[in-house]
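Novice: For reference, the structure I am asking about is given below.
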Amino acid sequence: MNVVSTRPQKIHPHKFTLWLAIGSIIMMFAGLTSAYIVKGEQPGWSTVVVPKIFYYSTGVILISSLTMQMALKSFKERNMQQYRILLTVTATLGLAFLVMQILGFQQLFNSGVKLEGGAGAAQFLYIIFGLHGLHVLGGAIALLVMFLKAFSARVRNYNAIPVEVISTYWHFVDLLWVYLFVFFLVKS
Amino acid sequence: MSNDALHGHPEVVTTHDAHHDEHHVHHHKETFITKYVFSQDHKMIAKQFLITGMVWAVLGGLMSVLFRLQLGYPDQAFPWLEDILGRWAKGGKISAENYYALVTMHGTVLVFFVLTGGLSGTFANFLIPLQIGARDMASPMMNMLSYWFFFGGSIVMVSSLFVQTGPFSGGWTAYPPLSALGDASPGSKVGMDLWITAMALFVVSSLLGGLNYVSTVLNMRTKGMSMTRMPLTMWALFFTAVLGILSFPVLLSGFILLLFDRHGGTSFYLSDIYIATTQQALPNEGGSAILFQHLFWFLGHPEVYIILLPAMGLSSEIISVNARKPIFGYMAMVGSMFAITILAFLVWAHHMFVTGLNPFLGSVFVLLTLLIAVPSAIKVFNWLTTIWKANIRFTPGMLFALGFVSLFISGGLTGIFLGNSTLDIHLHDTYFVIAHFHIVMGVSAFFGMFAGVYHWFPKMYGRFLNNTLAYIHFWVTLAGAYMIFWPMHYEGLAGMPRRYFDYSNWESFKQFAELNKFISTVAIIVFAVQLLFLFNFFYSIFKGRKVTTMNPWGATTLEWTTPIRPGHGNWVGEIPEVHRWAYDYSKDGRDFIPQTEPIGPNESHH
Chain A
78 MNVVSTRPQK IHPHKFTLWL AIGSIIMMFA GLTSAYIVKG EQPGWSTVVV PKIFYYSTGV
138 ILISSLTMQM ALKSFKERNM QQYRILLTVT ATLGLAFLVM QILGFQQLFN SGVKLEGGAG
198 AAQFLYIIFG LHGLHVLGGA IALLVMFLKA FSARVRNYNA IPVEVISTYW HFVDLLWVYL
258 FVFFLVKS
Chain B
9 MSNDALHGHP EVVTTHDAHH DEHHVHHHKE TFITKYVFSQ DHKMIAKQFL ITGMVWAVLG
69 GLMSVLFRLQ LGYPDQAFPW LEDILGRWAK GGKISAENYY ALVTMHGTVL VFFVLTGGLS
129 GTFANFLIPL QIGARDMASP MMNMLSYWFF FGGSIVMVSS LFVQTGPFSG GWTAYPPLSA
189 LGDASPGSKV GMDLWITAMA LFVVSSLLGG LNYVSTVLNM RTKGMSMTRM PLTMWALFFT
249 AVLGILSFPV LLSGFILLLF DRHGGTSFYL SDIYIATTQQ ALPNEGGSAI LFQHLFWFLG
309 HPEVYIILLP AMGLSSEIIS VNARKPIFGY MAMVGSMFAI TILAFLVWAH HMFVTGLNPF
369 LGSVFVLLTL LIAVPSAIKV FNWLTTIWKA NIRFTPGMLF ALGFVSLFIS GGLTGIFLGN
429 STLDIHLHDT YFVIAHFHIV MGVSAFFGMF AGVYHWFPKM YGRFLNNTLA YIHFWVTLAG
489 AYMIFWPMHY EGLAGMPRRY FDYSNWESFK QFAELNKFIS TVAIIVFAVQ LLFLFNFFYS
549 IFKGRKVTTM NPWGATTLEW TTPIRPGHGN WVGEIPEVHR WAYDYSKDGR DFIPQTEPIG
609 PNESHH
């Protein structure tokens, strides 16, 4: 069934929906970081030293954004061989990012920063970085679906929309991470 | 086209056959499951939202009847209550703990599951594609998921009524520490976890729905349907969805922090308070309950407009159709809805004037709050000027739309009292507040919803509702709503606080015993009349008078150009093109000119 109207469109509805969803996710993290700022002015606030491994994970997710962009470019050029390789690299980097986040949490936890009792920067860090990780995980799962589609012999699809949607989302979680990371560096 | 739409409507069959080769509207076979259960047709999803919302409204309304029994007749026992409620009402009297649970669930259910899910879920789904000229939503799949998340949330919320420690009982706003501490009350134990889970599912449902509504309105309008040619219902539902998309995520972040306080031992909201039940002080330190209030009301206030804007949109459309006059000040209506949307985000702290907010900050919020009176007054003025000197057709839908305007004025005026932080010192947490918000967003949004149901029922089911029952429903509900909530203003001005179980031993408020009895009696009658409406609704789906013309109300909008019982895809053949705005009534000597009619040589463009 043709659900899309025949009127010429500036932007595909699915892409537009993604932009709206991004607005929604931004509001969620804006809520959390504002809570951080409000809470930071209360008595009993404690700061945290952001573990070094988060610097490396920042590098990883930035590179993955680059490979995602290259994957999109090769898809548009119908260079499927290269697209598949770049998609695989992006997904692997995404998973590597998640592993590094978990390692970072472990380091922090082992150095005695727990959830119980306190509500300083560290507790916000666990929750905010954790929720960001979930959003990356969602992206990685979407990449996995694209990955399976790209290797399936039966489906020959040259529709660039899904690839564009996933790449926009991937850049968004990347930028979101940069914002959150800088926020924590500046505030603690 | 689904098959049943073709039976008994030969004219539809003809058009369908004529266009059969060019347009592939709906050819795959539908089973019961894909048509009625996991449907991706926006019209069926709308009906699912409506009927689920009705079930919720009966439950939430019944809860209010039960606690009104306690408030009206505090010294009487009703043995039948024990028969239906068991240990909730030992000896025929509702216990204090369960009274609070009833009040809490009444608020949660009606605010979120009826007036948000039931209202915008129903009408955004039903009307958006039909009125902008689209075959379905931008993503029918997400739309279906939106309903099923709503349904899932409903199941979890209902299940919390049946757990041993009872549902959450700390008020629908779920302020910590009552919501954060399992030891605070029985309802704060597993009942609260279920409450949060249900609300999280509800938020997901709202977001999936809202993303779809906005994306559909902006991207899928038919040819010629510019934004300023849309009926006001579309603008209202569009702004509603924008509010939801931007405010619900913040509520979700508040709930996530709450979950960590409950189960992770963090101190976002909890501090070292002493608990009487465990005889111990909490290990937490530095938590701030105000933080939760900020996060909650950042959603909570836009939520008021999420409830109200659809009712405004539906009423604007119905008033114009039945006054047979163009809506007065179309652009002013759009502009004031836009202003309300912006201001909705800037006034949340007026719910917190007396909870320890900085008084200077309070005065800023007073100013912003009172500013909302401006767009609200513009809207009221425009509704009144639309019916001014009109030949009004008093259909049930029109009556409810006018009732909405009446209630919005009455409730809006008391909002000016409450928006003042100084007056709020006296009025906060009294029955004045209860009266204010029940009239201005509770009952008036219900009136908007009823207006919509009566007006669009012919489009939904191809039959009319019974008018006699509808008139009884309207007059009893309108008179009843005022008789219930008007006296509460006096109680509130006298200082009678809300959320108390029994006032009969309280010297200052004993005088209101008879008034409370009166309110409770009216509440029971009004509830009974709502059951009459439900009977009318379900009876008319099967036995109502059949709609015989495509456009029974003589309306200009696109939904009345579809077949009487439209199938999935809405239009047989091409989607009509739009040439004019939606409000050409009584123009050039004609009763109405449909949006699909091209502009004549002697007409100016809209």
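Chains A and B, in that order, give the protein sequences.
According to my numbering, the first sequence is numbered sequentially starting from 78.
According to my numbering, the second sequence is numbered sequentially starting from 9.
No residue lacks a Cβ here, since even glycine has one placed at the ideal position from N, Cα and C.
What's the call for D510/B, buried or exposed, on a 16-neighbour Cβ count within 10 Å?
Specialist: Within the second sequence, the letter at position 502 stands for residue 510/B. Under this definition D510/B is an exposed residue.
Novice: In terms of residues, what are the limits of the alpha helix (DSSP H) holding K467/B?
Specialist: The residue given as residue 467/B occupies position 459 in the second sequence. Membership of K467/B in the alpha helix (DSSP H) is indicated by the continuous run 452–469.
Novice: Count the other CB atoms within 10 Å of the CB of W391/B; is the residue buried (16 or more) or exposed (fewer)?
Specialist: Locating residue 391/B in the second sequence gives position 383, counting from the first residue. W391/B is buried by the Cβ-count criterion.
Novice: Alpha carbon to alpha carbon, how far is V307/B from T557/B?
Specialist: Taking the second sequence and counting its residues from 1, the one referred to as residue 307/B is at position 299. Taking the second sequence and counting its residues from 1, the one referred to as residue 557/B is at position 549. Looking at the sequence provided, one finds Leu at residue 307/B rather than Val. The alpha-carbon atoms of L307/B and T557/B are separated by roughly 43 Å.
Novice: Use the C-beta contact count for G470/B: other C-beta atoms within 10 angstroms, 16 or more gives buried, fewer gives exposed.
Specialist: The sequence position of residue 470/B within the second sequence is 462, counting from 1. The residue is buried, with at least 16 neighbouring Cβ atoms inside 10 Å.
Novice: The segment 277–305 of chain B: which residues have C-beta closer than 7 Å to a C-beta of chain A, in chain order?
Specialist: P291, N292, E293, G294, G295, S296, L299, H302, L303
Novice: Quick one: is N220/B near chain A, going by C-beta distance under 9 Å?
Specialist: For the purposes of this step, residue 220/B is taken as residue 212 along the second sequence, with counting starting at 1. Answer yes: the Cβ-Cβ gap between N220/B and chain A drops below 9 Å somewhere.
Novice: Using beta carbons (cut-off 9 Å, strictly below), is M341/B in contact with chain A?
Specialist: The sequence position of residue 341/B within the second sequence is 333, counting from 1. No, its Cβ sits nowhere closer than 9 Å to a Cβ of chain A.
Novice: Under a CB-based cut-off of 9 Å, is S147/B close to chain A?
Specialist: Here the question's residue 147/B lines up with position 139 in the second sequence. Judged by the 9 Å Cβ criterion, S147/B is in contact with chain A.
Novice: Go through its chain and collect everything with a Cβ distance to T286/B's Cβ below 6 Å, but skip five positions before and after it.
Specialist: To locate residue 286/B, count along the second sequence from 1; it is residue 278. So the list reads D191, once near-sequence residues are dropped.
Novice: Quick one: does M223/A have its CB under 9 Å from some CB of chain B?
Specialist: Mapped onto the first sequence, residue 223/A falls at position 146. No - not a single Cβ of chain B is within 9 Å of the one on M223/A.
Novice: Going by beta carbon distance, what residues of the same chain come within less than 7 Å of D432/B, once the five residues before and after it are set aside?
Specialist: Against the second sequence, residue 432/B aligns to sequence position 424. The residues are F361, V362, L426.
Novice: Could you give the residue range of the alpha helix (DSSP H) that holds F600/B?
Specialist: Position 592 of the second sequence, counted from the start, is the residue given in the question as residue 600/B. No alpha helix (DSSP H) contains F600/B, which is instead part of the beta strand (DSSP E) from 598–600.
Novice: List the endpoints of the continuous beta strand (DSSP E) containing S594/B.
Specialist: The residue given as residue 594/B occupies position 586 in the second sequence. S594/B -> beta strand (DSSP E) spans 593–595.
Novice: Shorter than 9 Å from the beta carbon of N227/B to some beta carbon of chain A?
Specialist: Numbered from its first residue, the second sequence carries residue 227/B at position 219. Judged by the 9 Å Cβ criterion, N227/B is in contact with chain A.
Novice: Can you tell me which of the three DSSP states P622/B falls into?
Specialist: The question about residue 622/B has no answer, for chain B in this structure spans 9 to 614.
Novice: In whole angstroms, give me the CA-to-CA distance for M228/B and N156/A.
Specialist: Taking the first residue of the second sequence as position 1, residue 228/B is located at position 220. Taking the first residue of the first sequence as position 1, residue 156/A is located at position 79. One C-alpha to the other measures close to 32 Å.
Novice: Show which residues of chain B have a CB atom less than 9 Å away from the CB atom of H91/A.
Specialist: Along the first sequence, read from residue 1 onward, the residue named residue 91/A stands at position 14. Ordered by position in chain B, the residues that pass the 9 Å Cβ test against H91/A are A146, S147, S223.
Novice: With a cut-off of 9 Å, does the C-beta of G190/B fall near any C-beta of chain A?
Specialist: Within the second sequence, residue 190/B is the residue found at index 182, counting from 1. Output row for G190/B: interface = no.
Novice: Tell me the rounded alpha-carbon separation between I99/A and Y44/B.
Specialist: Counted from its first residue, the first sequence places residue 99/A at position 22. Counted from its first residue, the second sequence places residue 44/B at position 36. Distance between the alpha carbons of I99/A and Y44/B: 32 Å.
Novice: Does the pairing of the segment 310–330 of chain B with the segment 449–466 of chain B give three or more beta-carbon distances under 8 Å?
Specialist: yes
Novice: Y282/B by DSSP, collapsed to three states: which one?
Specialist: Within the second sequence, residue 282/B is the residue found at index 274, counting from 1. Three-state result, Y282/B: strand.
Novice: State yes or no: is the beta carbon of G8/B nearer than 9 Å to at least one beta carbon in chain A?
Specialist: No answer is possible for residue 8/B: it lies beyond the span of chain B, which begins at 9 and ends at 614.
Novice: Could you name the residues of the segment 106–138 of chain B whose beta carbon sits closer than 8 Å to any beta carbon of chain A, in the order they occur along the chain?
Specialist: Result list empty, no residue passes.
Novice: Whose C-alpha, out of L221/A, Y203/A, F224/A, is nearest the C-alpha of G272/B?
Specialist: Stepping through the second sequence from its first residue, residue 272/B is reached at position 264. Minimum Cα distance to G272/B is reached at Y203/A.
Novice: Is there contact between the segment 246–265 of chain B and the segment 122–132 of chain A, where contact requires at least three CB pairs shorter than 8 Å?
Specialist: Touching, no.
Novice: Say whether chain A places a C-beta atom closer than 9 Å to the C-beta of L265/B.
Specialist: Your numbering for residue 265/B matches position 257 in the second sequence. It does; some Cβ of chain A falls within 9 Å.
Novice: Please determine, among M468/B, F373/B, V388/B, the residue with the shortest C-alpha to C-alpha distance to N428/B.
Specialist: Taking the first residue of the second sequence as 1, we reach residue 428/B at position 420. Closest in alpha carbon position to N428/B, among M468/B, F373/B, V388/B, is F373/B.
Novice: Select from L378/B, F157/B, L93/B, F412/B the residue whose C-alpha is nearest the C-alpha of F46/B.
Specialist: Within the second sequence, residue 46/B is the residue found at index 38, counting from 1. The residue with the shortest Cα to Cα distance from F46/B is F157/B.
Novice: If you run the structure through DSSP and keep just helix, strand and coil, what is Q172/B?
Specialist: Translated into the one-based positions of the second sequence, residue 172/B becomes position 164. Q172/B falls in the coil class under three-state DSSP.
Novice: At what residue ranges does the segment 188–249 of chain A contain a whole run of the alpha helix (DSSP H), taking only runs of 4 or more?
Specialist: 198–228
Novice: How close, in whole Å, do the beta carbons of M233/B and V586/B come, if the pair is a contact with beta carbons under 8 Å?
Specialist: To locate residue 233/B, count along the second sequence from 1; it is residue 225. To locate residue 586/B, count along the second sequence from 1; it is residue 578. Contact flag correct, Cβ pair sits at about 4 Å.
Novice: Between which two residues does the alpha helix (DSSP H) holding Y313/B run?
Specialist: Here residue 313/B is taken as the residue at index 305 of the second sequence, counted from 1. Here the alpha helix (DSSP H) through Y313/B covers 297–331.
Novice: Would you kindly work out how many angstroms separate the C-alpha atoms of K624/B and M496/B, rounded to a whole number?
Specialist: Given that chain B is displayed from residue 9 to residue 614, the structure contains no residue 624/B and the question cannot be resolved.
Novice: Does the beta carbon of K226/A sit closer than 9 Å to a beta carbon anywhere in chain B?
Specialist: For the purposes of this step, residue 226/A is identified with residue 149 of the first sequence, where counting begins at 1. Not one chain B Cβ lies under 9 Å of K226/A.
Novice: Counting pairs of Cβ atoms below 8 Å between the segment 529–539 of chain B and the segment 51–70 of chain B, do you hit three or more?
Specialist: yes
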